[in-house]
Structure formats: structure tokens, C-alpha cells
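Take a look at the structure set out below.
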Amino acid sequence: MIFNSFEFIFMFLPIVFVLYYLFNKINFTLSKIWLLLSSLFFYSWWNPSYLPLILSSLLVNFFIGTYLGKIKKIGQKKLLLTIGIIFNVSLLGYFKYYDFFVTNLNIAFNTNFNVLHLILPLAISFYTFQQIAYLVDSYRNETKEYNFLNYALFVSFFPQLIAGPIVHHSQVMSQFDNSHNRKINYKNIGLGLFVFSVGLFKKVGIADTFAVWANKGYGMYENLTFVDSWMTSLAYTFQLYFDFSGYSDMAIGAGLLFNIVLPMNFNSPYKALNIQDFWRRWHITLSGFLTKYIYIPLGGNRKGPIRTYINILIIFFVSGFWHGAGWTFIVWGLMHGFASVVNRLWSKAGFTMNKLLAWFITFNFVNATWVFFRAPSFDVAIEVLKGMAGLKGFALPAELSEYSFIQQLTSDFYQYPLDEGFIKPALITLIGFMVAVFAKNSLELKETIKPNWTYAIYVSALIVYSVFQLQKVTEFLYFNF
Amino acid sequence: MNYKSFVMKIMAMVLVCVASVGSFIFYMDPMWTFGHHHQNNDVQTVINERQQKTNRILFQPFPYDTLLLGSSRTTYINQNDFKNMNVYNFAVSNASIQEYNSLIELAKKKRGKEFDRIIIGLDFFKSNIKESSAKKSMNQYITAASEPFYRYKNLLSMDLLEYSWQNFKMSKENKVLEERNYNRSNVANAKAVDPELMEKQTEAKIQKFREVFYGDTYEYNPEYKEVLSQLKKNNPNTEFIVFTTPISSPLFEAMVEEGRLPDYETWLKDVTEVFGGVYNFMYPNSVTEDLENYFDGHHFYPEVGKLIAQRISQGNSSTLPSDFGTYVSGTELAAHLKGIRKESEPLLVNR
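Same order as they appear, the protein sequences are chains C and D. Position in the first sequence (first residue = 1) + 9 = the numbering used here. Position in the second sequence (first residue = 1) + 26 = the numbering used here.
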């Protein structure tokens, strides 16, 4: 089930919410069992056949984690932790990376192993990372005596289950255990509705609009000229941001309805002034995980500059590969890794840069590298980037020919291919840009919210508008044939 | 205002908006998922006929014994004009013969058994390999309609709110304002166009047909006969009645001028071989000569559809123009084609 669906907004969420607080009046454990069962139902809605997978993953990790906290011999602990990590990585590797490895093996060694075309189980990338963190912390004796119900809720709590934020057990386990959270809290509900409505609008009202242009642009990559290529890449840059941050907002908002505070995942990343700053603002919980569980154990910045740079490249390699089983994702990750190294060298050398220029370089680097993230192959990415560099023709959309000052500049006009006209998408892209770069983000706005009529109308309008965009009707184009 | 009041106000406003708009869409029912009819929803715009007619089958009673299939021309035939048959018009825009099996199976599943009769309106230009070779099915429409809460989800759609409003305005005026509007009984009507516009549209249509369908790109689909035969095989207890759709004489002449007469003959030959005979309306006659029977030279008005239904279900009724439509059996085909070829000779000479 996804948040931006009729089933979630009008059926699942209201039923789970009402019964959760009703059960809370009877028994706190009962209400948590209800929340866990609801979360598993939420997960199964997409494909019930993967329910045993998440259940077995929960059980195995909980028991390994509990046992890790009990045994004293360091050798035994290390062995058990290794088994636990191998279990999680194998699960993820099999479902997410098997076909990638086999395909590359076949190419490299001219073998003929079968690819399995497995459907990636929903959320496996997220719950695997959360549970690896739990195992490592159990090894470090940093976990407490958790019970299975709280543990299962920490992993499967439906707001964060599918697309994060990647939650650390220390952030939420105590909240699931806190009996104060069983009481209905109207402030949390009000704030939750506000954040959820902003997220829903970002996804349905903004991201889905950009998605149409991005899909069309990448679908006709061979014919993109200068303006089309930039509009395509920017469309994806804003689609991805509004989509993912919108989804995180919805998760945080839905969590608040149950008095669970989930961590911030986006903090206006396109305002970043350098690439390190970007990664402190984009998918914050992933960066936190990679730093704590890979970068620091590898030595972080404690073993000299060369090792530091290698460690940085390793975590960005892992980040790229985690995002998708393909070479374009790996290259995207490594490009960010190298940019991060360059950024550190620049700072270390004591250079400074004008803020506007720093922002401009960072934004354009991020925008250009998203091309590798989005493109299905290097060929497509290169074609789009060539268009952006002006190597595939430079003309202006025909609508601009109406302006005499533009006519003086060029006589080369063409029919803009990504939409019926150019002005509307250009204006929407500009608005998207202004919102992403200048406006306060949803969580900053949450801090300023006041329970008054203005906000009530604002939240209602966002919800109503978004709800009526959920069900699109496709017209049949060939009417009289 | 405290947060409790804040939350309640948001919930109340959202509920009021959702309930009001949802009720209006329900009242208008533009996707035909509920079936109620009243004077404010008796003119319905075509959103997607495949989905609308599928919804009608799936969500409303289906007491029909005869299925009418065809493309946009056949949509203009009133299903109630067939005498002694209870017909459901399942003709849809741009239908390919490759879709017919899927359409039949869908309707059969709802009916629970084979149909007594299946009437198919065939178009010559759809025998072109480009128009009839791609495999098509209705699965996507069935899947859409089978989604959980499909009918209720449709009540919360901005697109459908706009269509509902459009339908409401047309119904209030009680006027057909588009090329095709339906009433609540699955009967289509066409907006009458003035002679000047009709002439323009006819010229454009003929030009398009010369370029796109009848010209050098035309190639008769060698699998055409087999696809039709398969329909018969899949419905052994069903009587098949096929007819050809009457295009205007100028369009017929364009077809002949483009050198398609031999393909037309092959087409009729294949059709009669599969079904034993065909009601042929596609040749110059008093109805096709009169351009006022068409709004674009290709699509006829429902009045012509009524004549087709009468010819098929009542035979040689005295109210029908005697030269409009004739049943041609396999044994009569050669003579019938000879007559048409003779009529077309001047055009062939010009070519």
C-alpha cells in the first residue's frame, strides 16, 4: 500500500487510527499488537507472498540481537554478529543484486547463468539496514532488553516501513514503550496532519507533474536538444526531491498521528553550498547509517588523509549500489564520492568561495549526476548530458518566437516536445526551483504552525486537492476510428 | 483555537468537500459504474468507451442475448432498434478484429454462457495489416475495474468532476454537443453539423484515408480470415451475423481510385467464407450517395444505424430504401462483386 492511495487515506489509516486509540483504552499491549498486525497488513497489500520474508527476517534478527546482548565471550559475539550480517546481506543480495551479478558474470566470463528476474520485495533495502544497525549495536552492548513486540514495531511500523526514514532503534523503541504515547494527543495529530498534507501535495501535486516531463524526456533522449535536455534533467531533479521528501513527510506525519516522532530525512538539500552539505540535507537517515556503521568502523578520518578519502569513496560506492543494482548507480555514487573528496581537499587547503557560486556549482553538479541516477544506461545518460552541453543543437521553443527581443537573438525555433507548450512547464519548473531553493521546508514550517483558521484551511485545501488527484482517468485518444 | 478544534475543523472541511464532490460524481456517474439515470445525467460524454462499456457490463444487470461489436461507426447503431433481439452494443472506438475475442469473452463471462447471437460491424480499412495485426485485449480495462474500491475511488477524481460537470451542463440543455454522446441506455447520438462543416470534414477524411489507409501503405492482412474463424470456433453455439459499415460514396470512390477494389473483393470473400454470408452496406447506394447521412463522410448518423438494424433484424422491410444493404451469401458473392466492379469501372479507367 502506498500513502498516496485511496485505500491508505480513506480506509487503512482511519481504521488503524481509531482502533489503535480504542484498544489503548483497554490495554497498551493490545493496541501495539493491533499496530503491528496493521503494519504487516499494510506490507502484504502489495504482495502477500513476501510476508514470510519480513517475518523470518524479524525473528532471526531479534533472536540474534538478544543473544548478542547476553553472551560475554568476544569471539562468540563476533562470530554471531558475522552470521547475522551475512544473513541480512545475503537476503538483500539475493533479491536485489543476484541478477546484476549474474549478468555481469556472464558478460565478463562468457558464461550462461540464468537470471531470475526476481521482484524486489518491498522495503527490503530499508528494513535490512535498520536490522543490521540493531545487530551491530547489540554487539556493542548498546541495545536494551527489548521485547519482540516493540522490536517488530520498530522495524515494521507502517509509516516508515516502505521508504524510510531509516529509523535507528534508539530513536523509536523507547517511544513504543512509553505508555504516555497511548493517549490521544491533538497537538501531534494537528502537526501530523499538517506534515502529511504537505508531503501528499509534494508527491501528488508537484512530483507527479514533473514526472510526466522527465519520463517523456528520457523516453526520447536521442532527440533532445539544449532546452529539452535541461528541462528533462531539471524535471527529474525536482521530481525526485518532491517525491522522496514528500514521502518522508507523509511518513513523519503519519507517525505523529500515533505519537511517534520519526527523524527528519530531508532538510532543503538544494540549498546546499557544497557536496558535504548536500549529504547532510539529503536522505539524512541513510547518511547517518552509512557514517555510523561503515565509515567510522573503517576508521573514518582517524587514519590519515588517504584512508579518509578511500573510506569516503567506499561509503559513496555502497550508497550508489544500495540505491540500485546497476553500474549507473555505482558511477553516480562514486561521482559524489569524488566530489566529496575534492570538497575536503578544497577546505583543507583553506580556499573559500562566494556563496552564490558555491551553491551554483553544487546544484549543477547534483543536477548533472542525477542524470546517471535516472538514465537506464550510460548511453542514455551521455545523450542527455550532450544535449545539456549544447552538442545536439541549440534552438528555442516556437512559443518564444512571439517575443521580438528573442527574435533578434535567433531565428531558430522548434516545437517543444515535452508538453503541449513551453511556457507552462517552464513556469512550473521555475516555481519548483524557487520552492526548493528559497522556501522553508515542511519541517521548518511545522515549527511555525499555529492552530488557527488560516492553517486549518491551508491543510484542508492541500488534502482535498491532493485526494482529487489520486485517481486519474485516461482518455482514449483515437476517438473516431 | 486549541489543537483539538484545529483537527476537528480540518476533518470537517475535508469531509464536507470530499462528500460533496463525491456525491456529485456519484449523481452524474460519468464512468457508468452505478447505473442510475435521471434528467441531469442523460447526456454522457465519451471518456473511454472500452472502460465505460466494460463498467456497465460488470456493475449493472446484463440481460442481453445478443452482442453487437464494431468500431466507432457501429457505436451509432441503437441497440434497441434490432427487433426480436436483446442487444448490447459493445462497439468501441478504433476497435481491431484482434480485440473482438476479448470483448466477447468479457461479456460472456458476465452472462455466464454463450450469446445467442453476435453481430459484428466490419470496416474495410481495418483489414489493413497495420490496423489488424497487433494483438489486443481488454485485460487492462478488466484489471482496472477489478481494483479494490474501484467504483468509490472514481468518486474522488478531479478528472471525473470535470466530466461530470460537462455531462450536467449537456443534460440540462438536453443537447448532444459532441461528436458522440451517450444516453443512460448505452445509445449514442451524434451532434448534427452544418453542411459546410460536413463538406470540409468529408474532404479532410477522404484525404486522410487516401494517405493513411487506402494508399500505397495498405496491405491486406493474410491472417484476417483466421482471426474471424477463431471467433466462430470459440463460440460454437452462437449465430454470427456480420455486416459491412456503409461509408459515403465519395470515400468508396477514393478507395477504388487508390486501387483497393481487389482487396475489397478479397475481404468480402474471406468474410463470406467464414460466416456463410454478409450484409453488405459498403457500396454506392441511395444512402451512401446522400452526404447528409454523414458528418464526415465516414461516420453516419444514428438514423442510418437504424436502417442497418432494420435490415439485419427485419429483412426486406418496406420502410427501408431497397438498394441499401443486401445479404450476400457465398454463392451470390461473385455476381454481387461483378455488379460493384461494373459500377466502379469509370473510376478504374481514371486510375
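We put the CB at the ideal spot given by N, CA and C, even for glycine. Note that the coordinates shown come from a computational prediction; the quantities given were computed from them, not determined experimentally.
Asked	Found
Rounded to the nearest angstrom, what separates C/Phe219 and D/Asn106 at their Cα positions?	47 Å
In terms of alpha-carbon separation, which member of C/Phe267, C/Tyr256 and C/Gln285 lies closest to C/Met273?	C/Tyr256
Below 8 Å, can you find three or more Cβ-Cβ pairs linking the segment 217-236 of chain C to the segment 348-357 of chain C?	no
For the beta strand (DSSP E) holding D/Ser355, just list the boundary residues, first then last.	Thr352 to Ser355
Could you give the residue range of the alpha helix (DSSP H) that holds C/Gly335?	No alpha helix (DSSP H) contains C/Gly335, which DSSP labels as neither H nor E.
In whole angstroms, what is the alpha-carbon distance linking D/Glu140 and C/Pro57?	36 Å
For D/Lys35, return the contacting residues in chain C, with the cut-off set at a CB-CB distance below 7 Å.	Ala465
By DSSP, does D/Asn207 sit in helix, in strand, or in coil?	strand
Mind checking the segment 185-211 of chain D against chain C and listing, in chain order, the residues whose C-beta falls within less than 8 Å of any C-beta there?	Asp185, Leu186, Leu187, Tyr189, Glu205 and Arg206
In terms of residues, what are the limits of the beta strand (DSSP E) holding C/Gly264?	Here C/Gly264 belongs to no beta strand (DSSP E); instead the alpha helix (DSSP H) covers Phe235 to Leu266.
So, does the CB of C/Asn489 fall closer than 8 Å to a CB anywhere in chain D?	Because the pLDDT at C/Asn489 is just 45, under 50, the model does not fix this residue reliably, and the value given afterwards should be weighed accordingly. Closer than 8 Å to some Cβ of chain D, the Cβ of C/Asn489 qualifies, so yes.
Once DSSP output is grouped into helix, strand and coil, what is the label at D/Glu265?	strand
When the Cα atoms are used, what is the spatial distance from C/Phe19 to C/Thr38?	26 Å
Grouping DSSP H, G and I as helix and E and B as strand, with all else coil, what is D/Ile9?	Because chain D here runs from 27 to 377, residue 9 of chain D falls outside it and cannot be looked at.
Considering only DSSP beta bridges, list what D/Thr243 is partnered with.	The partner list for D/Thr243 (beta bridge, DSSP) is empty, contrary to what the question assumes.
Can you list, in chain order, the residues of its chain with a C-beta nearer than 7 Å to that of C/Phe488? Leave out the 5 residues immediately preceding and following it.	Residue confidence is low: C/Phe488 scores 49 on pLDDT, short of 50, so the model does not pin down where it sits. Its coordinate-derived value is still stated next. No residues qualify anywhere along the chain.
Mapping the DSSP letters down to three states, classify C/Asn489 as helix, strand or coil.	Residue confidence for C/Asn489 is low, a pLDDT of 45 falling below 50, so the modelled location carries little weight; the figure read from the coordinates is stated next. Residue state, collapsed to three classes: coil.
Tell me which same chain residues have a C-beta within less than 7 Å of the C-beta of C/Arg316, skipping the five on either side of it?	Gly308
Considering C/Tyr467, what are the terminal residues of the alpha helix (DSSP H) in which it resides?	Trp462 to Val476
In the DSSP assignment, what residue or residues form a beta bridge with D/Gly303?	D/Ser355
Quick one: is C/Ser451 near chain D, going by C-beta distance under 8 Å?	no
Could you check whether the segment 321-328 of chain D touches the segment 214-227 of chain D, counting it as contact only if at least three pairs of C-beta atoms, one from each stretch, sit closer than 8 Å?	yes
Sorted by chain position, which residues of the same chain lie with C-beta nearer than 8 Å to C/Glu16's C-beta, five sequence neighbours on each side aside?	Met10 and Trp54
Identify each residue in the segment 119-132 of chain C for which the Cβ-Cβ distance to at least one residue of chain D is less than 9 Å, and report them in chain order.	none
Could you name the residues of chain C that D/Ser344 contacts, counting a contact when the two beta carbons are closer than 7 Å?	Under the 7 Å cutoff, chain C gives no residues; its nearest Cβ is about 33 Å from D/Ser344.
Tell me which residues share the same chain as D/Asn193 and place their Cβ nearer than 7 Å to its Cβ, disregarding the 5 neighbours each side in the sequence.	Met54, Pro56, Asn67, Val69, Gln70 and Thr71
So does the segment 227-241 of chain C actually touch the segment 28-38 of chain D, counting three or more Cβ pairs closer than 8 Å?	no
Which residues in chain C sit within 8 Å of D/Met39, going by Cβ to Cβ distance?	Ala465, Ile466, Ser469 and Val473
When DSSP labels each residue in this structure, what does C/Pro406 get in the three-state scheme?	strand
Report yes or no: is there a C-beta of chain D within less than 8 Å of the C-beta of C/Pro61?	no
Could you tell me whether the segment 142-153 of chain C touches the segment 83-91 of chain C, where touching means 3 or more Cβ pairs closer than 8 Å?	yes
Is D/Gln70 helix, strand or coil by DSSP?	strand
Express the C-alpha separation of D/Ala45 and C/Thr137 in angstroms, rounding to a whole number.	41 Å
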